[in-house]
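Engineer:
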Amino acid sequence: MTISGKDFINRIDHLKSEIWVDGQKMVGKVSEHPAFRGVMRSKAQLFDMQNDPALRDVLTFISPKTEKRVSFSYHQPKTKDDLLFRKKATELWARANFGLLGRSPDYLNTGLMILATSHNLFSAKDKKFGDHILQNYEYAMEHDLTFTHTFINPQVNRSISYLEGSEENIAAKVIGENREGIIIQGARLLATQGGITDEILVLPAGGNFIEEAYIYGFTVPSNAKGLKFICRGSFVNDEDSSFNSPLGSRFEEMDSIVVFDHVLVPWEKVFLYKDLNIVHRFYSGVNFNTMLLFQSVIRMIVKTEFILGLAESIIKAINISEYQHIQDKVTEIIAALEIMKGLHLSSRMNAELDEWGTMIPDAKPLHAAIHYYPRVYPRLVEILQLLGGSGLILLPTEKSFESPIRKYIDTYLQGSNSAAEDRVMLFRLVWDLCMSAFGTRQTHYERFFFGDPVRLAMGLYNGYPKKEYTNRVEEFLKEDV
Ligand SMILES: Cc1cc2nc3c(=O)[nH]c(=O)nc-3n(C[C@H](O)[C@H](O)[C@H](O)COP(=O)(O)OP(=O)(O)OC[C@H]3O[C@@H](n4cnc5c(N)ncnc54)[C@H](O)[C@@H]3O)c2cc1C
1 MTISGKDFIN RIDHLKSEIW VDGQKMVGKV SEHPAFRGVM RSKAQLFDMQ
51 NDPALRDVLT FISPKTEKRV SFSYHQPKTK DDLLFRKKAT ELWARANFGL
101 LGRSPDYLNT GLMILATSHN LFSAKDKKFG DHILQNYEYA MEHDLTFTHT
151 FINPQVNRSI SYLEGSEENI AAKVIGENRE GIIIQGARLL ATQGGITDEI
201 LVLPAGGNFI EEAYIYGFTV PSNAKGLKFI CRGSFVNDED SSFNSPLGSR
251 FEEMDSIVVF DHVLVPWEKV FLYKDLNIVH RFYSGVNFNT MLLFQSVIRM
301 IVKTEFILGL AESIIKAINI SEYQHIQDKV TEIIAALEIM KGLHLSSRMN
351 AELDEWGTMI PDAKPLHAAI HYYPRVYPRL VEILQLLGGS GLILLPTEKS
401 FESPIRKYID TYLQGSNSAA EDRVMLFRLV WDLCMSAFGT RQTHYERFFF
451 GDPVRLAMGL YNGYPKKEYT NRVEEFLKED V
């Protein structure tokens, strides 16, 4: 059953997960903490949208089990129309935050859905593991749970030959098991929104598989005993003023290191355990990445639309549209937008059913998009900076407009067709996307959120079907003129 925004906030507050911010263990309600208040409200808005009668049909479907409305993000697509349903819903949610919430609930709910539809894979050696992922998915769907996830070990030593040999565990590993479950000790990085989701999905991290203790996959409630989220410094900037921090005050998601201090993960939450075969099949056979990319590319399109809107607004504010290089720069944004839209459309048009009956978008254009966007996004940000010039630096605060100095600001910071206050609000918005700590993190997010761009490119190169093209070259070379 879909929950309301208030239900979401109450549920996360009640968890009382162990969250550390600025060296302090969180006490009181996480939803009232300055580092989390804004993002939790923005997420709450998404849950409320699901219950809005005008949007309900776009954002929910009837659960086949309980016949209650549940979130679109848990829906298993079986036809191309189902993919269109998913696309429209994802787009609607992304537009509510301009694509700035990388971890809106649909991201990992989609991941859980695809794991569950492939549950037979996890049952290969022991049926219970497949059952566990299915049961956890069904529970999450019926209770509208939200997840964060982690699939990376701490960045201590990334050398190819590195094998962890320290006395104290660094990368999280299984150190024991008993009748109740498995015991995990060590750390994972990083979990965006760590501590403000119901559960965390933990996937095999790669690298260390020479030892079975590193081969596991499970979900665990964020308030499990011994689970700690150590947050970075907040990038909200000014949580009291949406004028000063238009984006940070609403959409700062927070990132955290996840520490497992002897965390007992109940067996019923474990879906992958000490089975290297399944890990290999998981990466090659389960369409986990493809479905996550289907969601992510929509978010990126919405974000690019936002950037285009910002660019045009700057141009109007200071009247620079007549210059060819300005038009050329905005055309770069338009081209990026159309490329991303085309790639997404192509993935949907060429979708095919997988062996478990799920309609899977064509992975190739989606992988092309995740190759392209981390490279073009920094350029889009640079274009906004080049259009804005000093306007992105001369940004008086909200209080300046309430002070006796206002009359000067009103005169000297007005726009070609706008009052100074409106012009400063616009430029602050652009600054928060491309120059504040919040904005710089957004750029870093687009570069890395799906993995290291270099290794993603290697994956695309190695997996892309190229034979047909080399064949054509060979045929031509054989031709006798
Ligand atoms: C803002 C942000 C949010 C994120 N949120 C999440 C999240 O919610 N959940 C999650 O699980 N992860 C998250 N990530 C982590 C993300 O998955 C990783 O950043 C990404 O996989 C790269 O890993 P790394 O950061 O450890 O970089 P590294 O792997 O340490 O890479 C550092 C540099 O070394 C190079 N390098 C390292 N090893 C190799 C190699 N074997 N071959 C070639 N080059 C190599 C890389 O190319 C890069 O230049 C997030 C990251 C960011 C920046």
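With the first letter of the sequence shown counted as 1, position 378 gets the number 378 in the UniProt record's numbering; the numbers rise by one all the way through.
Beta carbons: idealized from backbone N, C-alpha and C, even for Gly.
Predicted, not measured: the structure shown is a model, and the values here were computed from it.
Quick check: does the Cβ of Phe450 come within less than 8 Å of any heavy atom belonging to ligand 1?
Structural biologist: Sequence index remark: in the sequence shown, residue 450 carries index 450 (1-based). Flag set: Cβ of Phe450 near ligand 1.
Engineer: When the Cβ atoms of the stretch 67-82 are set against those of the stretch 112-130, are three or more pairs found closer than 8 Å?
Structural biologist: yes
Engineer: Does any heavy atom of ligand 1 sit closer than 8 Å to the C-beta of Ala124?
Structural biologist: Taking the first residue of the sequence shown as 1, we reach residue 124 at position 124. No - ligand 1 has no heavy atom lying nearer than 8 Å to the Cβ of Ala124.
Engineer: Does ligand 1 have a heavy atom nearer than 8 Å to the CB of Ile160?
Structural biologist: Taking the first residue of the sequence shown as 1, we reach residue 160 at position 160. Yes, Cβ of Ile160 sits closer than 8 Å to a heavy atom of ligand 1.
Engineer: State buried or exposed for Asn244, treating a residue as buried only when at least 16 other CB atoms are found within 10 Å of its CB.
Structural biologist: Within the sequence shown, numbered from 1, the residue matching residue 244 stands at position 244. With at least 16 other beta carbons inside 10 angstroms of its own, Asn244 counts as buried.
Engineer: Would a C-beta distance cut-off of 9 Å place Ile152 and Leu190 closer than the cut-off?
Structural biologist: One-based indexing of the sequence shown puts residue 152 at position 152. One-based indexing of the sequence shown puts residue 190 at position 190. A contact, by the Cβ cut-off of 9 Å.
Engineer: In chain order, which continuous runs of the alpha helix (DSSP H) of length 4 or greater are located wholly inside the stretch 371-398?
Structural biologist: none
Engineer: Could you check if Gly102 belongs to the surroundings of ligand 1, using beta carbon to heavy atom distance under 8 Å?
Structural biologist: Walking along the sequence shown from the start, residue 102 turns up at place 102. Yes, the Cβ of Gly102 comes within 8 Å of a heavy atom of ligand 1.
Engineer: Measuring only between beta-carbons, confirm whether Thr443 sits less than 9 Å from chain B.
Structural biologist: In summary, chain B is missing from the structure at hand, where a single protein chain is found.
Engineer: For the alpha helix (DSSP H) holding Gln295, just list the boundary residues, first then last.
Structural biologist: Position 295 of the sequence shown holds residue 295. Taken as a continuous stretch (DSSP letters only), the alpha helix (DSSP H) holding Gln295 covers Phe288 to Ile318.
Engineer: Does Phe363 pass the burial test, meaning 16 or more other C-beta atoms within 10 Å, or should it be called exposed?
Structural biologist: For the purposes of this step, residue 363 is taken as the residue at position 363 of the sequence shown. Per the sequence presented here, residue 363 reads as Ala, with Phe not at that position. Classification for Ala363: buried.
Engineer: Should His149 be counted as a contact of ligand 2 given a C-beta to heavy atom distance under 8 Å?
Structural biologist: The model depicted lacks ligand 2 and carries ligand 1 instead.
Engineer: Could you have a look at Thr79 and say whether DSSP puts it in helix, strand or coil?
Structural biologist: As a position in the sequence shown, residue 79 is number 79, starting the count at 1. Of the three classes helix, strand and coil, the one that applies to Thr79 here is coil, per DSSP.
Engineer: Starting from Gly181, trace the beta strand (DSSP E) in both directions and tell me its first and last residue.
Structural biologist: Position 181 of the sequence shown holds residue 181. Its beta strand (DSSP E) spans residues Gly181 to Thr192.
Engineer: Below 9 Å between beta carbons: does that hold for Thr219 and Phe147?
Structural biologist: Residue mapping note: residue 219 aligns to position 219 of the sequence shown, counting from 1. Residue mapping note: residue 147 aligns to position 147 of the sequence shown, counting from 1. For Thr219 and Phe147, yes; Cβs fall inside 9 Å.
Engineer: List the endpoints of the continuous alpha helix (DSSP H) containing Ile432.
Structural biologist: Within the sequence shown, residue 432 is the residue found at index 432, counting from 1. Note that residue 432 is Asp in the sequence shown here, rather than Ile. Segment Ala420 to Cys434, the alpha helix (DSSP H) holding Asp432.
Engineer: Here's the rule: buried if 16 or more other CB atoms are within 10 angstroms of the residue's CB, otherwise exposed. What is Asn287?
Structural biologist: Position 287 of the sequence shown, counted from the start, is the residue given in the question as residue 287. Result: buried.
Engineer: Could you name the residues of the same chain whose beta carbon sits closer than 8 Å to that of Leu84, not counting the 5 residues immediately before and after it, in chain order?
Structural biologist: Your numbering for residue 84 matches position 84 in the sequence shown. Arg348, listed in sequence order.
Engineer: Between Arg375 and ligand 1, is there a pair consisting of the residue's CB and a ligand heavy atom that are separated by less than 8 Å?
Structural biologist: Position 375 of the sequence shown, counted from the start, is the residue given in the question as residue 375. The beta carbon of Arg375 sits no closer than 8 Å to any heavy atom of ligand 1.
Engineer: Below 8 Å CB to CB, which residues in the same chain sit around Ser123 once its five sequence neighbours on both sides are set aside?
Structural biologist: By 1-based counting over the sequence shown, the position of residue 123 is 123. These residues qualify, in order along the chain: Phe129, Gly130 and Asp131.
Engineer: Thinking Val202 and Gly217 are a contact (beta carbons under 8 Å), I'd like their distance in whole angstroms, please.
Structural biologist: The residue you call residue 202 lines up with position 202 of the sequence shown. The residue you call residue 217 lines up with position 217 of the sequence shown. Yes, Val202 and Gly217 are in contact; Cβ-Cβ is about 7 Å, under 8 Å.
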